[in-house]
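Data first, discussion second: the structure below is written as structure tokens.
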Amino acid sequence: MLSSLRGEAAVHELTPWAKEVVRRADPTIDVQVMFEEDSNTFIFRLSKASRVLIFRLSASQVHGDGREAECERTLQRKIKDLWNLI
33 MLSSLRGEAA VHELTPWAKE VVRRADPTID VQVMFEEDSN TFIFRLSKAS RVLIFRLSAS
93 QVHGDGREAE CERTLQRKIK DLWNLI
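Numbered by the numbering used here, the letters in the sequence shown go through residues 33 to 118 in order.
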């Protein structure tokens, strides 16, 4: 479980986690985390120079037990996708 908090409150726990994962891969990437209540998803915005990649993690991914590795793999894959943007 990445966060036991729900909704917008979980963003404050997810942001440092996401920044640490991104920092290990590429410290020049900026990451922002937001919560969208309508879809009950967490929106991650990765940016590097003029490249931007936005993706979502569901609340069940963030709050599910034992899904931390899955979330980290997803974030790492999205970092690689950002590198490959033309």
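Here a beta-carbon is modelled for each residue, glycine too, at the ideal position from N, C-alpha and C.
Quick caveat: nothing in here was measured; it's all calculated off a predicted structure.
**Message:** Contact criterion: CB-CB distance below 8 angstroms. Does Asn72 meet it with respect to chain D?
**Reply:** Going by chain labels, chain D is absent from the structure shown, which holds only one protein chain.
**Item:** Distance, Phe74 Cα to Lys80 Cα
**Value:** Residue numbering aside, residue 80 sits at position 48 when the sequence shown is read from its first letter. Residue numbering aside, residue 74 sits at position 42 when the sequence shown is read from its first letter. Note on geometry: alpha-carbon atoms of Lys80 and Phe74 lie some 20 angstroms from one another.
**Buried versus exposed call for Leu117 [16 or more other C-beta atoms within 10 Å across all chains shown]** = Within the sequence shown, the letter at position 85 stands for residue 117. Around the beta carbon of Leu117, fewer than 16 other beta carbons lie within 10 angstroms, which makes this residue exposed.
**Item:** Through-space distance from Leu89 to Gly39, alpha-carbon basis
**Value:** Counted from its first residue, the sequence shown places residue 39 at position 7. Counted from its first residue, the sequence shown places residue 89 at position 57. One alpha carbon belongs to Gly39, the other to Leu89, and they sit about 12 angstroms apart.
**Message:** Considering only their Cβ atoms, is the gap separating Val63 from Val43 smaller than 8 angstroms?
**Reply:** Walking along the sequence shown from the start, residue 43 turns up at place 11. Walking along the sequence shown from the start, residue 63 turns up at place 31. Result no, Cβ atoms of Val43 and Val63 do not sit closer than 8 angstroms.
**Request:** Within the same chain, show all residues whose beta-carbon is closer than 8 angstroms to that of Leu107, passing over the 5 residues directly before and after it, in chain order.
**Result:** Looking up residue 107 in the sequence shown gives position 75. Non-local beta-carbon contacts of Leu107 in its own chain, meaning distances under 8 angstroms to residues more than five positions away in sequence, involve Ala50, Val53, Val54 and Phe76 in chain order.
**Request:** Quick one: give me the first and last residue of the beta strand (DSSP E) that Ile86 is part of.
**Result:** Counted from its first residue, the sequence shown places residue 86 at position 54. Taken as a continuous stretch (DSSP letters only), the beta strand (DSSP E) holding Ile86 covers Arg83 to Ser90.
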